[in-house]
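A.B. asks: Next up is a structure, given as structure tokens.
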Amino acid sequence: LKGPDEGEEGIVALAPFLKDHHMVDGKATAYVCRDHFCQNPTTDVQTMLDLLGA
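As numbered in my numbering, the sequence shown has no gaps in its residue numbers, which increase by one up to the final residue, 1457.
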């Protein structure tokens, strides 16, 4: 939703819950959440797909 050099103001204004979600090790990071509970963030595509049930 945002690049590593972009500020968080725009996206956080739309979705305040994202203020605590950050990139891990400078990599694109997926946060998979259901029913107000998020799994640990992952930078691995296969792990993200598994968490999504794909």
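Virtual Cβ for every residue (Gly too), placed ideally from N, Cα, C.
#1: Ignore the nearest five residues each way along the sequence and tell me which others in Thr1432's own chain have a CB closer than 6 Å to its CB.
#2: With a cut-off of 8 Å on the beta carbons, I'd call Val1435 and Cys1441 a contact; round off their distance for me.
#3: At a cut-off of 8 Å, is Asp1428 close to the ligand PLP when judged by its beta-carbon and the heavy atoms of the ligand?
C.D. replies: Let me lay it out:
#1: Sequence index remark: in the sequence shown, residue 1432 carries index 29 (1-based). Residues of the same chain with a CB within less than 6 Å of the CB of Thr1432, apart from the 5 flanking positions on each side, are Met1426, Pro1444 and Thr1446 in chain order.
#2: Translated into the one-based positions of the sequence shown, residue 1435 becomes position 32. Translated into the one-based positions of the sequence shown, residue 1441 becomes position 38. The pair is a contact, with the Cβ atoms about 7 Å apart (cut-off 8 Å).
#3: As presented, the structure is devoid of all ligands, the ligand PLP included, so that no description of it is given.
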